[in-house]
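Mapping of the sequence shown onto mature numbering (1 follows the signal peptide of the UniProt record, and there is no 0): residues -21 to -1, 1 to 279, in sequence order.
No residue lacks a Cβ here, since even glycine has one placed at the ideal position from N, Cα and C.
Single-structure report; data block below.
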Amino acid sequence: MLQRVLSILFLALLLPAIGFAQENKISGRIVDEKSKEPIPFASIGLREEQTGALTNEYGYFQLAMPEKNPQDSLIINALGYFRKAVLIKPGIKVQDMIIEVPKRAIALKEVKVTSSAKIKNLDLGSKSTTPGEGMIQGMPGSQYAFFVKNDKGKNLGNVRSVSFYIGENGFPREPFRVRLYKADGNYNSPNTDLLTDNIVVSAPKGGEWYTIDLTQYNIEAPKEGFFVAMEWIVSGDKFYTTNFMDNYTPYGQILRPTFEFKESRTWNYTIGRGWSLITLASNGQRYNAMIRAEVDMIKD
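Here it is, written out as structure tokens:
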């Protein structure tokens, strides 16, 4: 009897603390404006706070309330959707929010090939079979993007496949999302999505190249080249919050670096801070993510 009374007393003391913890969080779900279906792996960021979160595969998110200013804007970026901002200020309910985001209509271009033209395979990016020293790993919502450059100015068609050299350590079967971008951001950084579908994959093991077939998506390769990126995401009922290490232990896929190039071609993205160029070097060769792509090369 005494034990039951103590348990009830403990619960009564705990409930106010739970309520207080919830009040210091922004939480909710991101859904499609028309279908009301959840949007997985959408990026959520506080503009002034420069912190953010990533929705899980069911569209749920959670992050801490702003500390710098009582009023801030919650910015939602989801692949294939318009960017949306939601005002966060005192007096507005910020727990269990349902945020509807409008879908963006994407018009795909067709690559016209004359009857006399020949299509061959062209490899862009890393050619190495041996990775360099080091590991590239990220938290959910972060990305590493490598520019697969059309060095010889070939006439490009569609993207056939992209490949990532997965490290032998980490958790290779944890999923990641494939991203493709044009180099049309500030200082030629990744910006416009070329791939607007959610391609979530996981490698069966590490210590080798892992290839994803993209022929069905009819992605036209920009003539100068394009960025191929790995985006770390979360699976199951886990989600990324600002106290990452308390909620999510596996690092997921680990990329390996390559030192094949004399120029920096790799950019890193973090929620709330955007893209930054990686400029590490060794013996005159730059540190880059070990990524490559196969594209159609059109010869008249």
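query: How do the region 136 to 146 and the region 45 to 60 stand: do at least 3 beta-carbon pairs fall below 8 angstroms, yes or no?
result: Short answer: they don't touch.
- prompt: What's the C-alpha gap between G204 and I5?
  reply: Distance from the CA of G204 to the CA of I5, rounded to the nearest whole angstrom, comes to 39 angstroms.
query: Residues in its own chain within less than 6 angstroms of M114 by CB, not counting five upstream and five downstream?
result: Within the same chain, M114 has close Cβ partners G146 and I233.
task: Would you tell me roughly how many angstroms separate the C-alpha atoms of K72 and G31, rounded to the nearest one?
output: For K72 and G31, the gap between their C-alpha atoms comes out near 18 angstroms.
message: For I71, would you say it is in contact with chain D, using Cβ-to-Cβ distances shorter than 7 angstroms as the test?
response: In the structure shown, chain D cannot be found, because there is only a single protein chain.
- prompt: When we look at the beta-carbon of residue 298 and count the other beta-carbons within 10 Å, is it buried (16 or more) or exposed?
  reply: Outside the modelled stretch of the chain, which goes from -21 to 279, sits residue 298, for which no answer is possible.
Start and end residues, beta strand (DSSP E) containing E273: Taken as a continuous stretch (DSSP letters only), the beta strand (DSSP E) holding E273 covers I270 to K278.
message: Spatial neighbours of K82 within its chain, please: C-beta separation below 8 angstroms, excluding the five flanking residues on both sides.
response: Excluding residues within five positions, the ones whose Cβ falls inside 8 angstroms are D11, E12, K13, G59, Y60 and F61.
field: DSSP-derived helix/strand/coil call for Q195
entry: In this structure, Q195 counts as helix in the three-state DSSP scheme.
query: With distances taken between CB atoms, is the gap from F155 to W211 smaller than 7 angstroms?
result: Yes.
message: By the three-class DSSP mapping on this structure, what secondary structure does N56 have?
response: Three-state result, N56: strand.
message: Rounding to the nearest angstrom, what Cα-Cα distance links I78 and L25 in this structure?
response: Rounded to the nearest angstrom, the two C-alpha atoms are 15 angstroms apart.
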